[in-house]
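Chemist: Take this structure first; my questions come after.
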Amino acid sequence: MVTGANGGIGTAICRALAKEGYQVAALCRCPSRAEPWLEQEKAQGYNPHLVIADIKDQDGIFSAVSVVEAELGAINLVVNNAGITRDKTLKRMQEDDWLEVIQTNLTGAYHLCRAVVPLMLERQYGRIVNISSINGEKGQMGQTNYAAAKAGLHGLTMSLAQEVASKGITVNTISPGYIATDMVMAVPEEIRQSIINQIPVGRLGEPSEIARIVTFLASPDAGFITGSNLSANGGQHMH
Ligand code: NDP
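Under this note's numbering, the first residue of the sequence shown carries the number 7, and numbering increases by one thereafter.
Following this line, the structure appears as structure tokens:
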């Protein structure tokens with residue numbers, strides 16, 4: 007089950023998982039964006055199972071999990087990828103900007119984990135991958151809300167990993183740097199170049215490079231990796 011499936015990185019994750027033979031449940035919030043996306047993905051040769059829910063809505067997420075389990079079977083992998091930005095300096099940030107980002111990027115992951123972890127515990131198997139950000143590792147001016155939420159995902163990951171490690175469930179975080187999604191490609195060329203100049207490998211990351219980490223963490227080979235954070239940022243931030 008992949009949240010924010012119809013976004014730039016979400017699409018790459020769904021495609022990579024389908025290629026590995028997973029049946030993909032694609033959680034999207036907005037039918038008018040999700041339905042054309044579904045047709046586009048079918049044309050890629052796989053058939054994601056679309057579920058519409060807002061990650062901020064706990065009841066909606068519990069129902070989405072029940073529907074997917076009834077229609078597709080056990081959810082053995084969750085990718086908490088849905089995320090938003092509402093960038094402003096703290097001086098200008100209204101409580102709505104703060105809460106919307108925390109509730110989507112952090113509480114949303116809690117909602118889905120809360121719904122699936124009891125099922126995974128019963129089955130003694132599960133993989134959870136949380137998509138954080140380089141800015142959750144190093145902070146970023148104008149992103150107190152986003153960086154706090156993304157840093158919070160690391161705390162959630164490490165704590166939950168300890169709670170479920172003995173039951174065959176791994177929980178990890180991926181922290182992408184700047185990735186060539188529509189959002190980043192829409193930035194004026196000059197600004198994009200100044201971003202690239204800060205990346206030692208000299209280019210943006212590709213969504214498929216994040217997706218490949220997801221498929222690895224989801225695989226049986228990654229069973230000894232839990233509570234980890236994998237940074238994929240072209241060397242922009244090392245720690
Ligand atoms: P996109 O904006 O392309 O995708 C975000 C997805 O999240 C969209 O499908 C969006 O749905 C969905 N979403 C947003 N709010 C909700 C909600 N309340 N309920 C359900 N779904 C929701 O972003 P990216 O693909 O670039 O980013 C994916 C993840 O990667 C995010 O968590 C982001 O923070 C993180 N990331 C991205 C980086 C980058 O450079 N692109 C760098 C570091 C981290 P809708 O289409 O309806 O808006």
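Ideal placement from N, C-alpha and C gives every residue a C-beta, glycine not left out.
Alpha carbon to alpha carbon, how far is Tyr116 from Ile205?
Modeler: Their backbone Cα atoms lie some 32 Å apart in a straight line.
Chemist: Taking Asn239 as the reference, give the member of Glu212, Gly183, Asn203 with the closest Cα.
Modeler: Residue Gly183 is the option with its Cα nearest to Asn239.
Chemist: Which residue or residues does DSSP assign as beta-bridge partners of Asn136?
Modeler: In DSSP, Asn136 forms a bridge with Asn86, Thr179.
Chemist: What's the gap between the Cα of Asp188 and the Cα of Gly229?
Modeler: One C-alpha to the other measures close to 33 Å.
Chemist: Are the beta-carbon atoms belonging to Pro54 and Cys20 less than 8 Å from one another?
Modeler: Yes, they are a contact pair.
Chemist: Ignoring anything shorter than 3 residues, give me the beta strand (DSSP E) runs that lie fully in the stretch 106-172, in order along the chain.
Modeler: The qualifying runs are 132-137.
Chemist: Mapping the DSSP letters down to three states, classify Asn235 as helix, strand or coil.
Modeler: It is a strand residue.
Chemist: In the DSSP assignment, the alpha helix (DSSP H) including Cys34 goes from what residue to what residue?
Modeler: No alpha helix (DSSP H) contains Cys34, which is instead part of the beta strand (DSSP E) from 31-34.
Chemist: Can you tell me whether Thr9 is helix, strand or coil according to DSSP?
Modeler: Reduced to three states, the DSSP call for Thr9 is strand.
Chemist: Could you compute how far the alpha carbon of Cys36 sits from the alpha carbon of Glu77?
Modeler: In a straight line, the C-alpha of Cys36 is about 21 Å away from that of Glu77.
Chemist: Quick one: is the Cβ of Pro54 within less than 7 Å of any heavy atom of the ligand NDP?
Modeler: Pro54: no, Cβ never under 7 Å from the ligand NDP.
Chemist: So if DSSP puts Gly27 in a beta bridge, which residue, or which two residues, is it bridged to?
Modeler: Gly27 is not bridged to any residue.
Chemist: Check Gly229 in the structure and name its three-state DSSP category.
Modeler: Gly229: coil per DSSP, three-state reduction.
Chemist: How many Å lie between Leu96 and Gln130 at the Cα?
Modeler: Computed Cα separation, rounded: 43 Å.
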